[in-house]
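Residue numbers (this note's numbering): -19 to 167.
This is the structure in structure tokens:
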């Protein structure tokens, strides 16, 4: 298997398989690795086709670009870093994706102002923050029955589960210093 050039990460499946995404060199930017992405998209299987996706704390955008490559209808990327927004726009242009929105905003502000539900939400905030704890309590606003939520967080973090009256954890796994989970809203 080829090694990725420094500053790039490879899309692993779908129409843009093997295409590279430029990754900004930032201390708090930690793109989801290819093994974890492979597991996640195996969990999602054919459900990804036609989904409206929210890539919250988008960073490199690798999860959202992977979803577009695999048939998502539309991806909304949200990040509050100007550098990340610029890189997301550049990568979207070089990949030729047009069925996306890129929004510069704090995740909590976006959720508070958003009035439409998504089919799939990638929730992968920087590990060095407590954002995973804060965002959990407001996720219901952008979900509907059938929405999947992917959560990724550091092994030392122990965020509470999503609202047990509405969500169920379908899958969970660990890899190195990362825990990741797939949740689904039922009510």
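C-beta: ideal position from N, C-alpha, C; glycine also.
Excluding its 5 nearest sequence neighbours in each direction, residue 111 has C-beta neighbours in its own chain below 6 Å: 105, listed in chain order. Taking a contact to require three or more Cβ pairs closer than 8 Å, the region 130 to 140 and the region 91 to 99 do not qualify as touching.
With respect to the C-alpha of residue 99, the residue from 84, 109 and 121 having the closest C-alpha is 121.
When the Cα atoms are used, residue 143 and residue 117 turn out to be separated by approximately 8 Å. One alpha carbon belongs to residue 159, the other to residue 145, and they sit about 23 Å apart. In this structure, residue 87 sits near residue 37, with a CB-CB distance shorter than 8 Å.
In the structure shown, residue 95 falls within a coil segment according to DSSP collapsed to helix, strand and coil.
Assignment of beta strand (DSSP E) within the region 92 to 156, counting only whole runs of 3 or more residues, yields 100 to 103, 128 to 134 and 147 to 155 in chain order. DSSP places residue -5 within a helical segment (H, G or I) once states are collapsed to three.
Rounded to whole angstroms, the Cβ separation of residue 71 and residue -4 is 11 Å, and the two are not in contact under 8 Å. Between the alpha carbons of residue 64 and residue 4 lies a distance of about 7 Å. Your pair residue 58 and residue 43 does not check out as a contact, with CB atoms roughly 12 Å apart and the cut at 8 Å.
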